[in-house]
Each structure stands twice: as C-alpha cells, then as structure tokens.
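Peer 1:
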Amino acid sequence: MAEPGSAAVTWAGRMELLKDSSQQRVLTAPMPTAAMEQLLADGKAHLLGRFEDSPVHYMGRWWRAGELGWVALDEASSAQLDLHAERYRAAATATSAPGTPGTEGHAPLLTARTEEGTA
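Each residue of the sequence shown is one higher than the one before, starting from 162 at the first, in our numbering.
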C-alpha cells in the first residue's frame, strides 16, 4: 500500500531506505574495539584467520583495526580482499591436517616450516 499522498513510495520502501542509510552510517564510522570483539564472540563477524591484525568480515564488508577502532574498507577493497580471502582459505585448508581440533568453520592458522639446513 502506498503512503498517502505518494503513489511511488510505500512504507516498505521507506523502511528499506532507512535501513540503507543506517547501514551507511555504521560503515562510515569507526567501530569501537569492544563492539567488534562482541560481534566476533556472538558469531556475527568473522576473522579471516587467526593471525595478528587479521581483517574481519561484517555486514558484507571487510574491516581493519585502526587507531580509532575498526574501520570498514570500501566496496572495491572489500571485493579485492574477498578474492584474497578465498585463496587464503584454500591454502589453509590444503595445509591443515584432517581433524585438527578447533578449526571447524575457521581457516586454520598457517605455521612457517623450516627445512633442515635452511634459515
């Protein structure tokens, strides 16, 4: 049903616009570290891997830690990181032992291996 006085805008359409503008505000402001930690604990955000300064995926974007908190990358950078993340996950899966505990749903931590006689 259209809003009175406007045949083009429905209430559902207005709610969608409101949701989009709220999401834009979230994506343009730094997120406090404690808030991102809670999202990770609740399973609403996901680390790329278990390494220092690992990017986090939340709300369809990748985020990086900054001085003021977590900052969302722009769409182009997030799309590029999506490609790298897929390659990282494939490599991590290929190098992990089957049945390694604690890796369900997460890419396992990659460890450096040195061969005898190399530094």
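Glycine included, every Cβ here is placed at the ideal spot set by N, Cα and C.
1) Does DSSP put R250 in a helix, in a strand, or in coil?
2) Taking only the alpha-carbon atoms, compute the straight-line gap between G210 and T171 and give it to the nearest angstrom.
3) Mind checking M197: buried by the 16 CB within 10 Å criterion, or exposed?
4) Let me check one thing: in DSSP terms, what residues is H218 bridge-paired to?
5) I need the straight-line Cα distance from A190 to S182, nearest angstrom please.
6) The alpha helix (DSSP H) spanning A195 covers which residue range?
7) Cα-Cα, which of A206, M192 and R175 is closest to V232?
Peer 2: With the given structure in hand:
1) Indexing the sequence shown from 1 puts residue 250 at position 89. Three-state result, R250: helix.
2) On the sequence shown, residue 210 is found 49 positions in, with the first residue counted as 1. On the sequence shown, residue 171 is found 10 positions in, with the first residue counted as 1. Rounded to whole angstroms, the gap between the alpha carbons of G210 and T171 is 43 Å.
3) Residue 197 sits at position 36 when you count from the first residue of the sequence shown. Answer is buried; the Cβ neighbour count reaches 16.
4) Taking the first residue of the sequence shown as position 1, residue 218 is located at position 57. Beta-bridge pairing links H218 to H207 and W223.
5) Residue mapping note: residue 190 aligns to position 29 of the sequence shown, counting from 1. Residue mapping note: residue 182 aligns to position 21 of the sequence shown, counting from 1. Using only the alpha carbons, I get a separation of about 13 Å.
6) Along the sequence shown, one-based indexing puts residue 195 at 34. Start and end: T194 to A202.
7) The residue given as residue 232 occupies position 71 in the sequence shown. Checked all of A206, M192 and R175; the closest Cα to V232 is M192.
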